[in-house]
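Its first residue numbered 7, the sequence shown is counted upward by one per residue in our numbering. Beta carbons: idealized from backbone N, C-alpha and C, even for Gly. Everything below concerns the one structure shown next.
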Amino acid sequence: MNSVSLRAGQYGFTLVEVLVTLLILAIGLLGLAGMNARMLNSQFEAYQRAQAMMLVEDMASRIRSNPQAARNGDYDTDTVHGLNNQNCSGAYGVSIDLCEWNQALRGASVEASGQQLGSIMGARGCIDNVSIAATGQAVIRVTVAWQGLTPTVIPPLSCGANAYGADDRLRRAVSVDVVLAYLGV
């Protein structure tokens with residue numbers, strides 16, 4: 007009789023085990039979904055950073071190919087690039103460089119339904135002369151700023167400041183200093 011009464015008390019125990027297993031599995035799957043969402047965010051941020059670096063390097067190579075204009079300050083404008091839709095026909099020299107860079111910042115290479123879609127989020131470009139007069143070298147800083155997905159540390163570069171809402175922690179920025187050495191000529 008003892009064995010029958012013990013056996014009757016164990017009915018349903020495996021169902022409890024299955025329910026606990028399903029609960030643990032569900033928590034694990036939720037963790038995987040959260041990691042996947044975070045990974046997609048990180049991947050998108052990395053893609054935007056890579057695109058920004060390509061845009062910075064594009065303008066830096068344009069400046070290196072025209073050092074006399076860079077020394078004259080022709081590239082150093084107070085204009086924030088990437089805001090307006092310029093037509094580059096008829097432009098030449100520094101003007102074509104700045105116009106094509108502006109178009110690249112706007113994403114003009116990829117269009118759908120009349121919208122330019124090939125750019126990073128809210129791309130802005132700045133070109134500043136940061137030369138030190140005593141050295142004789144021309145130093146041109148090329149910066150690209152864009153809007154990130156999640157808040158982070160505010161970048162020290164001023165390009166795009168206060169352009170992405172009240173919280174400047176969404177702003178990302180990369181820059182390259184183009185050094186044009188004085189050759190004593």
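Residue environment for residue 44: exposed (fewer than 16 other C-beta atoms within 10 angstroms of its C-beta). Selection 89, 100, 99, 71 evaluated against residue 184 yields 71 as nearest (Cα-Cα). Non-local beta-carbon contacts of residue 57 in its own chain, meaning distances under 6 Å to residues more than five positions away in sequence, involve 126 in chain order.
Below 8 Å, too few C-beta pairs join the segment 66 to 82 and the segment 22 to 38 to call them touching: fewer than three.
Here DSSP, grouped into helix, strand and coil, assigns residue 153 to strand. With a beta-carbon spacing of about 6 Å, residue 112 and residue 88 fall inside the 8 Å limit used to define contacts. Separation of residue 104 and residue 31 (C-alpha to C-alpha, rounded to the nearest whole angstrom) is 56 Å. Residue 42 sits in a helix when the DSSP states are folded into three classes. Excluding residues up to 5 positions away in sequence, 127, 128, 170, 176 lie with their Cβ nearer than 6 Å to the Cβ of residue 153 in the same chain. Under the three-state reduction of DSSP, residue 142 is assigned to coil, being neither helix nor strand.
Taken through DSSP and simplified to helix, strand or coil, residue 86 comes out as coil. By alpha-carbon distance to residue 149, the top candidate from 188, 52, 135, 80 is 135. Straight-line spacing of the CA atoms in residue 42 and residue 23 works out to 29 Å. Assignment of residue 80 by DSSP, reduced to helix, strand and coil, places it in the coil class. Within its own chain, the residues whose Cβ lies closer than 7 Å to the Cβ of residue 102, once the five positions on either side in sequence are excluded, are 94, listed in chain order. Judged by DSSP secondary structure, residue 186 falls within the beta strand (DSSP E) whose first and last residues are 177 to 186.
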